[in-house]
Ligand SMILES: *[C@@H]1O[C@H](CO)[C@@H](O)[C@H](O)[C@H]1NC(C)=O
Ligand SMILES: *[C@@H]1O[C@H](CO)[C@@H](O)[C@H](O)[C@H]1NC(C)=O
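In our numbering, the protein residues as written are 83 to 486.
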């Protein structure tokens, strides 16, 4: 594989190395993963406490930046608490005996999954099947640059396995305004706060891994950064000003407002809003537990976007299409079998739009500047939509925008 431009942008944020135009795990990592692959009799990894030691060993073989790539300080206690105290002995036996070897196997395949991904990346037929040269390879999707990344569910499984093992380098993520991606903070907060919500979040993720290893999903998921250009450009729609909206006579698209129920439970193929943080996922991998974070736990594949989507700006939105729902609810009442249809590109017809809400805006949200900001965000989705689900407290904002 040649050293591609898309790979170059994301390689510093991946744990694998590129050598002689191929991707590899460093050989000590391969040895450690092969030991895990052979099960707890061989690897001795049969508890959360030992698991964390294994994670540390693997990380030590990755050439991470020692000065800045430290894990959250209570992470070790968190892994031990979850797998050795909160999980039943029977479940833990299954986890270490069956799921852990499958995780190691998937991780071992990450380099080849990435190579297959990049080989296919330029042939994906987005936009009704036109081969129009759209780049879809895994790369950083940076501010003010519209673009789409198209990943298989299996590759996403491997990326989330890296998060579970805390293998993503974190040095320089801050400088690029990239969100947290490893799971160390999640386990650390579990230990520090002893909060049932954190336990539920981790249970959702654990359940996701159990499910994919009982039957690996074969679909695809796309992550798209949408930008309304701020500067006027003759060929595309630019960021409308107050004047545009106040003089516009174009009718709004059809929409329905519901004041009860949950977004994820509606069955029609509606657009679903993620009332997001600027950093996609918000506190999903920390303590946070509101609409966005809950959605990221019942559809954990959304977390993969946190690897490469930099902070959203006011004229941007992120559309994620195709994630599968694995849990019935955040309180984790059990399994959920997602029966949504799949489109021609293998994506489940679940279309989630992340637009970042104003932070504690109060009355300020009704000022011209703020209404313009939110109206324009919704404008980005308008062409194709006829429904717009809103729920929770913040729906007032959207109803106001659409109704007035
Ligand atoms: C390692 O991290 C430190 C502290 O964040 C940073 O100053 C330095 O540039 C990093 N080194 C590399 C090679 O990334
Ligand atoms: C997923 O996308 C790839 C192209 O990257 C395609 O070859 C494959 O058929 C798609 N999967 C499904 C289930 O449609």
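Where is the CB? At the ideal position from N, CA and C, for every residue including glycine.
Because the structure is a prediction, the values reported are computed rather than measured.
Best match in the options for proximity to residue i [C-alpha to C-alpha]
i           : options               : result
residue 95  : 253, 270 and 428      : 253
residue 113 : 124, 105, 104 and 103 : 124
residue 104 : 162, 197 and 130      : 197
residue 279 : 300, 251, 240 and 379 : 379
residue 281 : 294, 267 and 293      : 267
residue 26  : 135, 386, 299 and 257 : Residue 26 is absent from the model: the chain starts at 83 and stops at 486.
residue 182 : 130, 418, 138 and 202 : 130
residue 184 : 290, 277 and 107      : 290
residue 432 : 457, 356, 447 and 452 : 356
residue 367 : 262, 339, 294 and 399 : 262
Collapsed DSSP secondary structure at residue i in the structure displayed
i           : result
residue 484 : Confidence in residue 484 is poor, its pLDDT being 28 and thus under 50, which makes the residue's placement too unreliable to answer from.
residue 99  : strand
residue 120 : coil
residue 94  : helix
residue 180 : helix
residue 489 : A query on residue 489 cannot be resolved here, the shown segment of the chain reaching from 83 to 486 and no further.
residue 231 : strand
residue 194 : helix
residue 384 : helix
residue 326 : helix
residue 446 : helix
residue 459 : helix
residue 409 : strand
residue 338 : coil
residue 391 : strand
residue 87  : helix
residue 223 : strand
Residue i: first and last residue of the uninterrupted alpha helix (DSSP H) it sits in
i           : result
residue 424 : Note, residue 424: premise wrong, no alpha helix (DSSP H); not H, not E.
residue 375 : 373-380
Residue i - containing beta strand (DSSP E), residue span
i           : result
residue 401 : 398-403
residue 417 : Premise fails: residue 417 is in no beta strand (DSSP E) and is neither H nor E.
residue 355 : 353-358
residue 436 : 433-438
Heavy atom of ligand 4 within 7 Å of residue i beta-carbon
i           : result
residue 428 : As for ligand 4, it is missing from this structure, which binds only ligand 1 and ligand 2.
For residue j and residue i, believed in contact at Cβ under 8 Å, the rounded distance
i           : j           : result
residue 361 : residue 222 : Wrong, their Cβ atoms sit about 14 Å apart, outside the cutoff.
residue 364 : residue 354 : At roughly 16 Å, the Cβ-Cβ gap does not stay under 8 Å, so residue 364 and residue 354 are not in contact.
residue 303 : residue 383 : 6 Å
residue 195 : residue 240 : 5 Å
residue 404 : residue 429 : 3 Å
residue 233 : residue 249 : That belief does not hold up - the Cβ atoms of residue 233 and residue 249 are roughly 17 Å apart, past 8 Å.
- Identify every run of the beta strand (DSSP E) within the stretch 235-322, keeping only runs that are complete inside it and at least 3 residues long; order them along the chain. Those beta strand (DSSP E) runs which fall completely within the stretch 235-322 and span 3+ residues are 302-309.
- Query: Can you list the alpha helix (DSSP H) stretches of 4 or more residues lying completely in the stretch 118-169, in chain order?
  - Reply: The DSSP assignment places complete alpha helix (DSSP H) segments of no fewer than 4 residues inside the stretch 118-169 at 122-125, 130-142 and 157-162, in order along the chain.
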